[in-house]
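Undergrad: Got a structure for you, written out below as structure tokens; questions coming shortly.
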């Protein structure tokens, strides 16, 4: 009997370890590609040339579950060679630092930082310190740091304000190209999406040469609610887990936020980048997001076309930009990449227990896959 018990214990331990060792897969890697356009090499925002991403993940004790994610649009001095940009507000219950200057001037001059709601100030300080450390920037007296957030206060003891300016600098300095970590990392460490563990997600699209051959990459920080749909399947309804279900069964939280960053190498000005940013919200709608009253849903869109970077020393600017009639394929690709990035944030996340013992389950992937197979 003792030998049998030991055998069963070892078998169960091996089974648990094998399960834990199974790598996460994105929706596409599970065999469910979405949309009509192909992805880039990594199916990530880093498929756009020159774009890098860095994370600092903060998991300490039983109450710190937060972090920082940095998106670096190009590898030069961003302050000296600014990036055409636009911001669209789907619902404005949030804190996005730097938004008014971007809207006024149509460019971004720093890496874009994502973190938690009460760490925006640390994000600003970190970005400013990083910018002033770059050669030629030492005497600048104004830096427009772009820092977005979602509220991870259910899993993270957010009032401790654990994130520091140095963590922000570290995230920027650690930014790299190639594959991007997703799920419970960086700014997505403690976030929740549709009642499941959310996090960081990313995806990309590559247009055919006949449509310009441009790349469009999206990175998201998901912490929002609604009625989850995956590739047209009503997952939230079938799992009986969605917003407003309190009117039928039990209470779920309606509110939350989502940060979406879109980068393309298509030569776009700030006006058409705002149009692109609006389409990212349509991608969010494909996932069942509703941009609820208490949700901060923001899209930051940038063009890194090398010929259109804006030199701070230029007295006149001559840019080559796409005509309005060439925008539709970029709109479609943005919608596709945004939706897939949002779904990937769920597929790549782990369950998590955090502040005050609060626990959030991961998306039940096997159940969802069965729904997709038998739609």
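In this note's numbering, the protein residues as written are 57 to 431. The beta carbon of each residue, even a glycine, is placed where N, CA and C say it ideally should be. Values in this document were obtained by computation on a predicted structure and should not be read as measured data.
1) As a quick exercise: from 205, 296, 268, 79, pick the residue whose alpha carbon is nearest that of residue 256.
2) In chain order, what residues of the same chain lie with their CB nearer than 7 Å to the CB of residue 303, ignoring the 5 residues before and after it?
3) Please report the residue range of the beta strand (DSSP E) in which residue 180 lies.
4) Out of 114, 368, 375, which one is the CA nearest neighbour of residue 136?
5) Distance check for residue 243 and residue 150, CA to CA, integer angstroms please.
6) Taking residue 115 and residue 172 to be in contact with their CB atoms under 8 Å, please state how far apart those CB atoms are, rounded to whole angstroms.
7) How is the alpha helix (DSSP H) around residue 216 delimited, first residue to last?
8) Does residue 117 pass the burial test, meaning 16 or more other C-beta atoms within 10 Å, or should it be called exposed?
9) Could you tell me the distance, in whole angstroms, from the CA atom of residue 267 to the CA atom of residue 410?
10) For residue 133, which residues of its own chain have a beta-carbon under 6 Å away from its beta-carbon, when the five flanking residues on both sides are left out?
11) Does the distance from the CB of residue 248 to the CB of residue 424 come in under 8 Å?
12) Is residue 400 near residue 83, with beta carbons less than 8 Å apart?
13) Residue 127 and residue 183: beta carbons closer than 8 Å?
14) Confirm, please, whether the CB-CB distance from residue 258 to residue 113 is below 8 Å.
15) Candidates 207, 187, 329: which alpha carbon is nearest residue 353's?
TA: In short, the structure shows the following:
1) 205
2) In this prediction, residue 303 scores a pLDDT of 41, lower than 50, which makes its location untrustworthy; no coordinate-derived value is stated.
3) Element bounds for residue 180: not the beta strand (DSSP E) but the alpha helix (DSSP H), 176-189.
4) 368 is the residue among 114, 368, 375 whose C-alpha sits nearest the C-alpha of residue 136.
5) 15 Å
6) Their Cβ separation, rounded to whole angstroms, is 13 Å, which puts residue 115 and residue 172 out of contact at 8 Å.
7) Taken as a continuous stretch (DSSP letters only), residue 216 belongs to no alpha helix (DSSP H), as it is neither H nor E.
8) exposed
9) 47 Å
10) 190
11) no
12) Result yes, Cβ atoms of residue 400 and residue 83 sit closer than 8 Å.
13) no
14) no
15) 207
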